[in-house]
Structures are given as structure tokens and as C-alpha cells.
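Contents: one structure, followed by commentary.
In my numbering, the protein residues as written are 27 to 213.
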């Protein structure tokens, strides 16, 4: 079953790559790349399913390591650092967490850095409050110049946080932007 799911994700990613080659528009290329990044984030969560738990539990630290490594191969202008406590989540909760990280990191790459690049620091901390954990994605970019609360990336992050039963805060200054998600570990 797990092998079949992985093959399906690879088929989707290959289809996106084929479509991308057929299109000339740089905007279409960026949009398809964004979709491929999201599909890859979901695929990596499935790769981390623990076989001993009936394929329902994800080693989140391992998942975030794989996701950060994958993002790093796609991003040349930023270094991505990760510190993650050991946390296990159901696949239904791990996927939104990975998508939030993916979206926050890609927003940093897209908006925070110029050609000089920068750094993205990702932290996953357990034991925050009673049965909660915290995911922090911080960059050392230029901060949000003209905040657009209605941007599609922010809307997606908010929706995914609600899906997990969590809440998101964003802080930005000239020293960079930090997105913090607090979420329950137990569903």
C-alpha cells in the first residue's frame, strides 16, 4: 500500500514536470513549481509513516528534516536550519504542519531576500503548554514591507492551522519575519 501511494505521488510530480516543460510563461512555471512543492511536502509525510503504527503515525522530526532538505535543494538564495524535538502526529495532522512549513519557507524565499540571500531557521518544540507544540519559521530577511493579510499564502497557513486546531502569529520587522504556530499534539 505504502509503495503504491509513493508511486502515485511520483506520477503526479512527473505530470507537473511534463506540463511545466510545455509552457513558456515564467508565471505558469512558478505556479506549477509551487504546486509541485506542496505535493512533495505531502509525499514526504507519507514517507515518514511509522510501519509499527498501522501507517497512521508520522515521526515529525524526521519529516521536517526531509522537508527542509528537499526545500534546501530547491532554494539557492537561503540556508535552511532545523532544530526539532521528537514528536509523533497522525498523518492527518502532520501533512498540514508540513504544508505550513513549506508555505512559510517559500514565502520567505519569495519575499524576504534579495540576491544576497539569507537564512531560514525552523524550530519544532514540544511541551509548550499542556499537550501542545510550537513550530517557528523565522527568516533574517527585510521584513514585510506592505503587509497583505489577504495573500494566498497567509490564507492557506491560517486555514491549515485551524485544521490542526492551532493558531498562527506573525511578527515582522526590518530584522526579518517570524511565523509561529501553536498546535495540540493530541487530536
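Cβ atoms here follow ideal geometry from the backbone N, Cα and C, with glycine treated the same way.
This one's a predicted model, so the numbers in the text were calculated from it and none came from an experiment.
Going by C-alpha positions, residue 120 is about 15 Å away from residue 184. In this structure, the beta-carbon distance from residue 122 to residue 196 does not fall below 8 Å.
Around residue 139, the same chain offers 103, 104, 165, 167, 168 as residues with beta carbons nearer than 8 Å, after the five sequence neighbours per side are excluded. In this structure, DSSP gives residue 126 a helical state, which the three-state scheme calls helix.
When DSSP assignments are scanned along the stretch 145-194, the uninterrupted stretches of beta strand (DSSP E) that are 3 or more residues long and fall wholly within it turn out to be 158-165. By a beta-carbon distance limit of 8 Å, residue 112 does not contact residue 148. Their separation comes to about 15 Å.
The alpha-carbon separation between residue 34 and residue 58 amounts to approximately 18 Å. Annotated as proximal: residue 162 and residue 206, with beta-carbon spacing under 8 Å. Exclusion of the five residues before and after residue 40 leaves no residue of its chain whose Cβ lies closer than 6 Å to its Cβ. With respect to the 8 Å criterion, residue 90 and residue 110 are classified as neighbours on the basis of their beta carbons. Per DSSP, the unbroken beta strand (DSSP E) holding residue 207 starts and ends at 202-210. Beyond the five residues adjoining it in sequence on each side, residue 192 comes within less than 6 Å, by CB distance, of 207, 208, 209 in the same chain, given in chain order.
In this structure, residue 114 lies near residue 86, with their beta-carbon atoms less than 8 Å apart.
Ranked by how close their Cα comes to the Cα of residue 129, the residues 153, 178, 145, 99 have 178 in first place. Separation of the CB atoms of residue 141 and residue 170 is rounded to 19 Å, and the pair is thereby denied contact status at 8 Å.
Looking at the DSSP output, residue 196 bridges to 205.
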